[in-house]
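*Asks:* Sharing a structure here in structure tokens format.
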């Protein structure tokens, strides 16, 4: 007897449920909610829809990222890419989750937020495309790195903070302050992620270290390592061109050398400067417990466990 | 010297330009414009943005479809899948075009249209997922086929007609009539596409015939062929399980047998019935040259060159 496609959705539903329930910090919805606490009380249904929209958008990007990077582990669980043989279905699953996030954003009934949402989605894709196009370009300027992490991470943070502000009918000054906070917080957060990719604990990260370097993605620690000594760029290029069995060991040793170099401190110092800028942006907001929470969140972004 | 990622966008821009300029019937923007001609004059900027939104959304789905189907030709030109080695970049290029289409829809500043847009995007992905999950299920009921083609094609047609109606401040009755027209036109159009996949001319189609059958996608002609004779389902299953060199010849012969069978007439009869329903839906609209154009368009959908 024909088993309707609906039943076949079982594995799809299970996979999403796993991804959603597998933890993650729920940082983006938290930003939406905290950013809505400075002016008028927002409509709660709209606020929740927007919180769900940013988290769902984040989930959609993870589905396609894991497919593109052939990543098999995420938050300590197997990815869809590890579970499903049919890669086309993963493209479509990601598309579906993108669509769902857009529908959630539209539930705010706020056209300004919807426009921001669509622009953010473009910016994120643009950042991922840039990352793909700049792989193994060890000579790229630091600005290219910052541009990419703004697009990849900070743009969604600013969508979260700005939409929270807009839903609480914040004045333009308040919206701009929260935009600035979200932007620097996102950049600090991603810089720290990129540092942890070198010095983190695999168990706590839920994924192997050294991923970025292995894939030829230039991050802040790699940037500083290369600029410490002219010999380092040649070394990196040589090791990443190794194929076959020796590759894994050689890359692991290089990751260790970067992790033990001054590059980590230099990158960390920049992340801390961005945290400072994020906190300064909050100065114009009313002083309340939610502002304290945002200040703490900024400090937390660079104080995460390694 | 480092060549910025911006310059590397050259190939991406060229690929899009090629896709956009490679023809296509521009049917969906035409539906937006014609559907806006029955009530108040719409804001032209918004109308154009919406026309661009539906065509851009269509383009995005083609990019991911061609990747998933490993299609190398589209409208007589090589697809991105044929041109780019890096499949991850094609996923991202499709995502970017999805995002662009959402941004264009948001330019209407109309939250009802934006919500419809997001829902349509979900419906399209849902239809594609169902198509993937129902491949090679030759025992599926006809309703499954109609559900899939509504999702895959007709849902975007109804987005086009309804958004045109809404932008012209049509009364609900007018919006519903144009929704019904778009729905039946889209179903007739896709049914005809599925018929042409068996009986079309490869040069005029710009792609090889028999694609659906080869991929195990059950369309209306295949449905009727299988239900003509109990032996046919076994034959189809047997031929599609052939691997190696013999496969191409065996599938081509099967495509020919379906094309010469009564299944084509039976499928065509249903497509014509849907055209009739589409035309009837226009009865409540003001009688003008745009209504005549929509009537002609309905007839054209099943009278396309084979």
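Chains as they are written, first to last, in our numbering: chain A, 1 to 306; chain B, 1001 to 1306.
Heads up, the beta-carbon is just placed ideally off N, CA and C, and yes, glycines get one too.
1) Give, in chain order, every unbroken run of the alpha helix (DSSP H) that is at least 4 residues long and sits entirely within the segment 185-254 of chain A.
2) Between the alpha carbons of residue 125 of chain A and residue 29 of chain A, how many angstroms are there, rounded?
3) Give me the subset of the segment 108-140 of chain A whose CB atoms are less than 7 angstroms from a CB atom of chain B, sorted by chain position.
4) Give the interface partners of residue 1096 of chain B over in chain A, defined as CB-CB distance under 8 angstroms, in chain order.
5) Secondary structure at residue 1141 of chain B, three-state DSSP: helix, strand or coil?
6) Determine, for residue 1236 of chain B, whether the minimum Cβ-Cβ distance to residues of chain A falls below 7 angstroms.
7) Could you check if residue 1142 of chain B is buried or exposed, using at least 16 other CB atoms within 10 Å of its CB as the buried criterion?
8) Do three or more CB pairs link the segment 1206-1224 of chain B to the segment 1144-1163 of chain B at distances below 8 angstroms?
9) So which residues of chain E does residue 58 of chain A contact, with C-beta pairs closer than 8 angstroms?
10) Tell me which same chain residues have a C-beta within less than 8 angstroms of the C-beta of residue 1281 of chain B, skipping the five on either side of it?
11) Does the distance from the C-beta atom of residue 1035 of chain B to that of residue 1161 of chain B stay below 7 angstroms?
12) Determine, using beta-carbon pairs with one atom in the segment 1040-1047 of chain B and one in the segment 1091-1098 of chain B, whether at least three such pairs fall under 8 angstroms.
13) Residue 74 of chain A by DSSP, collapsed to three states: which one?
14) Who are the near neighbours of residue 1223 of chain B in its chain, counting only those whose CB is closer than 7 angstroms to its CB and skipping five residues on each side?
15) Less than 7 angstroms between the C-beta atoms of residue 1129 of chain B and residue 62 of chain A, yes or no?
16) For residue 23 of chain A, which residues of its own chain have a beta-carbon under 6 angstroms away from its beta-carbon, when the five flanking residues on both sides are left out?
17) Excluding five sequence neighbours on each side, which residues of the same chain lie with their C-beta closer than 6 angstroms to the C-beta of residue 233 of chain A?
18) Out of B:1080, B:1070, B:1065, state which residue places its alpha-carbon closest to the alpha-carbon of residue 1013 of chain B.
19) Can you grab the Cα-Cα spacing for the pair residue 100 of chain A / residue 108 of chain A, in whole Å?
20) Between the Cα of residue 1053 of chain B and the Cα atoms of B:1121, B:1274, B:1090, B:1231, which residue gives the shortest distance?
21) Return the first residue and the last residue of the alpha helix (DSSP H) that residue 1049 of chain B is part of.
22) Residue 1017 of chain B CB to nearest chain A CB: under 7 angstroms?
23) May I have the straight-line CA-CA distance separating residue 1168 of chain B from residue 1032 of chain B, to the nearest angstrom?
24) Residue 187 of chain A and residue 149 of chain A - do their beta-carbons sit closer together than 7 angstroms?
25) Taking only the alpha-carbon atoms, compute the straight-line gap between residue 1112 of chain B and residue 1260 of chain B and give it to the nearest angstrom.
26) By how many angstroms is the C-alpha of residue 51 of chain A removed from the C-alpha of residue 1090 of chain B?
27) For the candidate residues B:1164, B:1289, B:1131, B:1265, whose alpha-carbon lies nearest to that of residue 1212 of chain B?
28) Could you compute how far the alpha carbon of residue 1087 of chain B sits from the alpha carbon of residue 254 of chain A?
29) Any residues in the segment 67-80 of chain A with a beta carbon nearer than 8 angstroms to a beta carbon of chain B? Which ones, in chain order?
30) Measuring straight from C-alpha to C-alpha, what distance separates residue 106 of chain A and residue 65 of chain A?
31) How should residue 1310 of chain B be labelled, buried or exposed, when 16 other C-beta atoms within 10 angstroms of its C-beta is the threshold for buried?
32) To the nearest angstrom, how far is the alpha carbon of residue 1134 of chain B from that of residue 1200 of chain B?
33) Use the C-beta contact count for residue 195 of chain A: other C-beta atoms within 10 angstroms, 16 or more gives buried, fewer gives exposed.
34) Taking Cβ positions only, does residue 1283 of chain B come closer than 7 angstroms to chain A?
35) Quick one: Cα of residue 1229 of chain B to Cα of residue 72 of chain A, how far?
36) Quick check: is the beta carbon of residue 1051 of chain B nearer than 7 angstroms to any beta carbon in chain A?
*Replies:* To lay it out plainly:
1) Qualifying alpha helix (DSSP H) stretches, in chain order: 202-205, 211-214, 220-228, 230-240.
2) Put simply, the backbone Cα of residue 125 of chain A is about 20 angstroms away from that of residue 29 of chain A.
3) Within the segment 108-140 of chain A, the qualifying residues are 109, 111, 114, 115, 118, 119, 121, 122, 125, 126, 128, 129, 130, 132, 133, 134, 137, 139, 140.
4) For residue 1096 of chain B, the chain A residues whose Cβ falls inside 8 angstroms of its Cβ are 122, 125, 126, 129, in order along the chain.
5) Residue 1141 of chain B: coil per DSSP, three-state reduction.
6) So, not an interface residue.
7) Its Cβ having fewer than 16 others within 10 Å, residue 1142 of chain B is exposed.
8) Contact between the segment 1206-1224 of chain B and the segment 1144-1163 of chain B is present, because at least three Cβ pairs lie under 8 angstroms.
9) Annotation note: the requested chain E is absent from the structure, which comprises protein chains A and B.
10) Exclusion of the five residues before and after residue 1281 of chain B leaves 1177, 1178, 1180, 1181, 1184 as the residues of its chain whose Cβ lies within less than 8 angstroms of its Cβ.
11) Yes. Within cutoff.
12) By the Cβ rule, the segment 1040-1047 of chain B does not count as touching the segment 1091-1098 of chain B, because fewer than three pairs are nearer than 8 angstroms.
13) Of the three classes helix, strand and coil, the one that applies to residue 74 of chain A here is strand, per DSSP.
14) Only 1142, 1145 meet the Cβ criterion.
15) No.
16) Closer than 6 angstroms at the Cβ level, and outside the excluded window around residue 23 of chain A, lie 75.
17) Exclusion of the five residues before and after residue 233 of chain A leaves 138, 226 as the residues of its chain whose Cβ lies within less than 6 angstroms of its Cβ.
18) When each option's Cα is compared against that of residue 1013 of chain B, the closest is B:1080.
19) In a straight line, the C-alpha of residue 100 of chain A is about 14 angstroms away from that of residue 108 of chain A.
20) Closest option to residue 1053 of chain B, judged by alpha-carbon separation, among B:1121, B:1274, B:1090, B:1231: B:1121.
21) Following the DSSP letters along the chain, one finds residue 1049 of chain B inside the alpha helix (DSSP H) bounded by residues 1044-1069.
22) Taking 7 angstroms as the threshold, the shortest C-beta distance from residue 1017 of chain B to chain A does not fall below it.
23) The alpha-carbon atoms of residue 1168 of chain B and residue 1032 of chain B are separated by roughly 10 angstroms.
24) It is a contact, given that the beta carbons lie within the stated cut-off.
25) Between residue 1112 of chain B and residue 1260 of chain B, the C-alpha separation is close to 46 angstroms.
26) Going by the C-alpha atoms only, they are around 29 angstroms apart.
27) The shortest C-alpha separation from residue 1212 of chain B is found at B:1131.
28) Going by the C-alpha atoms only, they are around 28 angstroms apart.
29) So the close ones are 67, 68, 69.
30) Spanning the alpha carbons of residue 106 of chain A and residue 65 of chain A requires a straight line of approximately 24 angstroms.
31) Only positions 1001 to 1306 of chain B appear in the structure, and residue 1310 of chain B is not among them; the question remains open.
32) Taking the straight line joining both Cα atoms gives about 24 angstroms.
33) Label assigned to residue 195 of chain A: buried.
34) No, residue 1283 of chain B lies away from the interface with chain A (no Cβ there is under 7 angstroms from its Cβ).
35) Looking at the two C-alpha atoms, the distance is approximately 46 angstroms.
36) No, residue 1051 of chain B does not count as interfacial toward chain A.
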